[in-house]
Amino acid sequence: MPVETGNRLGTYLKDRRARLDPAALGFPVVRRRTSGLRREEVAQRAHISPTWYTWLEQGRGGAPSADVLNRIAGALMLTDIEREHLFLLGLGRPPEVRYKAAESVTPRLQRLLDALEVSPALIKTATWDVVAWNRAATVVLTDYGLLPSGQRNILRLMFGDPRVRAAQHDWGSVARFVVGTFRADAARAGAVSEVSELVEELCKLSPEFEALWRENDVGVHGGGVKHLRHPILGSVALEYSTFAVDGRPDLSMIVYNPATDEDAQNIRSLIAARAV
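Here it is in structure tokens:
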């Protein structure tokens, strides 16, 4: 490990160690010259050699392994962001993604969705479960609130709900795009094993999904224009954009903006009519 890199890593480890409360972690607090844990206590919690940990703080030795850094991150009770920074200092790369299933979003994110009056917007997980949506999404896309939580999945709706299929102007192209992007999202978020049960279910449900899945294509959501056949509004064009949710690689937000003023006014009128 280069000396400068080792010094930065050592300084970071010392700082994180000094912030921990020995008493809260079951260590005696008497006869301590400095705050925080001792080096040997961190090593004990991380199940690594005290000598090896001391060398890391002193900027000596070779680069630590990912396993060692994960153990140290746990011992120092690092947050996900702090753990990522530790890996960048120690190995020059971020850690492998650890998937976290989400069942809801923060009130702040929900307020953001609700602020988009005529733009359908939703937040989905890496397994494409919809966990939050706004009023416009309810009237234009799908009323997710009427579905059991386990059925709020874009893949299940695309391949299992005739109404969703009929709403697509070119279902075949949309389905291919959805499957490829779903595959890429799951891999990027480290959720490949988590989607295996869903994939097996969809392969049994839909020969079309099974054929697309076996092609192993990958895609990216990005942005574009989505054309829908709405049962009340008729043809609707929506410009969509996808955004990452900061600090949550498993979540993404999709916003569908009406492509024309006419589309926006029609959506606004429908929302108002449903509110009566």
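According to this note's numbering, the residues represented by the sequence shown are 63 to 338, in order.
We put the beta carbon where it would ideally sit given N, CA and C, even for glycine.
In this text the structure is predicted, and so the values were computed from the model without any measurement.
Q. For the region 183-196 against the region 245-265, are there 3 or more C-beta pairs whose distance is under 8 Å?
A. Yes, they touch.
**Q.** Cβ-based neighbour list, V91, same chain, cut-off 6 Å, excluding 5 preceding and 5 following
**A.** Working through the sequence shown from its first residue, we reach residue 91 at position 29. The residues are P84, A85.
Q: Rounded to whole angstroms, what's the CA-CA distance from G88 to E102? Just pull it up for me.
A: By one-based count along the sequence shown, residue 88 stands at place 26. By one-based count along the sequence shown, residue 102 stands at place 40. G88 and E102: Cα-Cα distance of roughly 14 Å.
Q. Under a Cβ-count criterion, where at least 16 other Cβ atoms within 10 Å of its own Cβ denotes burial, should P126 be classed as buried or exposed?
A. As a first step, residue 126 must be located in the sequence shown, where it is residue number 64. Buried, because 16 or more other Cβ atoms sit within 10 Å of the Cβ of P126.
Q) Which residue or residues does DSSP assign as beta-bridge partners of I387? A) Within the shown structure, residues of the chain are numbered from 63 to 338, placing residue 387 beyond reach of any answer.
Q: Run the CB neighbour count on A194, radius 10 Å, all protein chains shown included, and call it buried at 16 or more, exposed below.
A: For the purposes of this step, residue 194 is taken as residue 132 along the sequence shown, with counting starting at 1. The residue in question, A194, is buried, as its Cβ has 16 or more Cβ neighbours within 10 Å.
Q: Answer with buried or exposed for I329, where buried requires no fewer than 16 other C-beta atoms within 10 angstroms of its C-beta.
A: Mapped onto the sequence shown, residue 329 falls at position 267. By the 10 Å Cβ count, I329 comes out buried.
Q: With a cut-off of 8 Å on the beta carbons, I'd call L178 and Y74 a contact; round off their distance for me.
A: Translated into the one-based positions of the sequence shown, residue 178 becomes position 116. Translated into the one-based positions of the sequence shown, residue 74 becomes position 12. The pair is not a contact, with the Cβ atoms about 40 Å apart (cut-off 8 Å).
Q | DSSP-derived helix/strand/coil call for R122 | A | As a first step, residue 122 must be located in the sequence shown, where it is residue number 60. The answer is coil: DSSP assigns R122 none of H, G, I, E or B.
Q.
Let me see if you follow: with CB-CB separation under 8 Å, is C265 close to chain D or not?
A. Among the chains of the structure shown, chain D does not appear; only one protein chain is present.
Q.
Between which residues of its own chain and G72 is the CB-CB distance below 8 Å, once the five residues before and five after are set aside?
A. Stepping through the sequence shown from its first residue, residue 72 is reached at position 10. Result list for G72: L118, E119, Q120, G121, in chain order.
Q | Exposure label - T168; buried when at least 16 CB within 10 Å | A | Counting from one through the sequence shown, the residue named residue 168 turns up at place 106. Burial check for T168: the Cβ neighbour count within 10 Å stays below 16, so the residue is exposed.
Q. For S127, does the three-state DSSP call read helix, strand or coil?
A. As a working mapping, residue 127 is identified with position 65 in the sequence shown. Secondary structure of S127 (DSSP, three-state): coil.
**Q.** Three-state secondary structure (DSSP) of G88
**A.** As a first step, residue 88 is located in the sequence shown; it is residue number 26 there, counting from the start. Secondary structure of G88 (DSSP, three-state): coil.
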